[in-house]
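Numbering (my numbering), first residue to last: 702 to 840.
As structure tokens, this is what we get:
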């Protein structure tokens with residue numbers, strides 16, 4: 702739950718990063734159409750704060766830079782295809798996915814109060830479409 706400054710992780714040194722391993726999704730061979738990473742973040746010092754928000758898999762990293770503001774904002778990184786393979790996501794890839802954020806700016810501080818992923822998939826049951834699975838990462 703995004704609760705502002707009640708609870709948060711922070712990075713105050715350039716290149717400081719946190720990595721969070723996904724919980725088991727429970728998916729098997731469902732067709733995954735999208736994976737979106739959500740992070741509610743803000744800068745804590747009035748200077749430029751850029752955070753690389755992304756995912757890691759097998760030692761590779763795929764990120765998008767986000768420039769933070771003074772207020773908490775929910776930033777997203779949406780991936781229709783696995784950025785490492787260029788192919789559709791598989792359940793096995795989701796289950797070993799690591800979420801990360803990296804502070805790219807010096808002399809600043811970034812606060813992260815919520816981080817989670819939503820996986821959009823089609824169940825194997827005929828007639829059902831557009832289901833979403835929310836995987837919450839505890840900070």
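Cβ atoms here follow ideal geometry from the backbone N, Cα and C, with glycine treated the same way. Keep in mind that this is a model prediction, so the values were computed, not measured.
Handout entry: Integer-rounded CB distance, given that residue 720 should sit under 8 Å from residue 801
Key = In the chain shown, counting from the first residue as 1, residue 801 sits at position 100. In the chain shown, counting from the first residue as 1, residue 720 sits at position 19. Between residue 720 and residue 801 the Cβ distance is about 5 Å, and since that is below 8 Å, they are a contact.
Handout entry: Alpha-carbon spacing of residue 705 relative to residue 775, whole angstroms
Key = Taking the first residue of the chain shown as position 1, residue 705 is located at position 4. Taking the first residue of the chain shown as position 1, residue 775 is located at position 74. Approximately 11 Å between the Cα atoms of the pair.
Practice task
Let me know the secondary structure DSSP gives residue 746 once reduced to three states.
Solution key: Walking along the chain shown from the start, residue 746 turns up at place 45. The answer is coil: DSSP assigns residue 746 none of H, G, I, E or B.
Practice task
Look at residue 732 and residue 823 and say whether their C-beta atoms are less than 7 Å apart.
Solution key: Here residue 732 corresponds to residue number 31 of the chain shown, with the count starting at 1. Here residue 823 corresponds to residue number 122 of the chain shown, with the count starting at 1. Yes, Cβ-Cβ distance for residue 732 and residue 823 is below 7 Å.
Handout entry: residue 761, enclosing beta strand (DSSP E) - first and last residue
Key = Along the chain shown, read from residue 1 onward, the residue named residue 761 stands at position 60. Run containing residue 761: 761 to 768, per the beta strand (DSSP E) assignment.
Exercise for the section: Give the secondary structure of residue 796 by DSSP, where H, G and I count as helix, E and B as strand, and everything else as coil. Expected result: Here residue 796 refers to the residue found at position 95 when the chain shown is read from its first residue. Of the three classes helix, strand and coil, the one that applies to residue 796 here is helix, per DSSP.
Handout entry: Selection from 814, 746, 759, 742 that minimises the alpha carbon distance to residue 786
Key = On the chain shown, position 85 is the one that residue 786 refers to. The option with the nearest alpha carbon to residue 786 is 759.
Practice task
With distances taken Cα to Cα, identify the nearest neighbour of residue 921 among 751, 772, 725.
Solution key: The chain is shown from 702 up to 840; residue 921 falls before or after that span and cannot be answered.
Handout entry: Of the listed residues 754, 727, 749, nearest to residue 817 (C-alpha basis)
Key = For the purposes of this step, residue 817 is taken as the residue at position 116 of the chain shown. Considering only 754, 727, 749, the residue with the shortest C-alpha distance to residue 817 is 754.
Exercise for the section: Decide if residue 750 is buried, meaning its Cβ has at least 16 other Cβ atoms within 10 Å, or exposed. Expected result: Counting from one through the chain shown, the residue named residue 750 turns up at place 49. In this structure residue 750 is buried. Its beta-carbon is surrounded by 16 or more other beta-carbon atoms within 10 angstroms.
Exercise for the section: For residue 706, name the three-state secondary structure that DSSP assigns. Expected result: Locating residue 706 in the chain shown gives position 5, counting from the first residue. When secondary structure is reduced to three states using DSSP, residue 706 falls in the helix class.
Exercise for the section: Determine the contact status of residue 777 and residue 821, defining contact as a CB-CB distance below 7 Å. Expected result: As a position in the chain shown, residue 777 is number 76, starting the count at 1. As a position in the chain shown, residue 821 is number 120, starting the count at 1. Not closer than 7 Å, so no.
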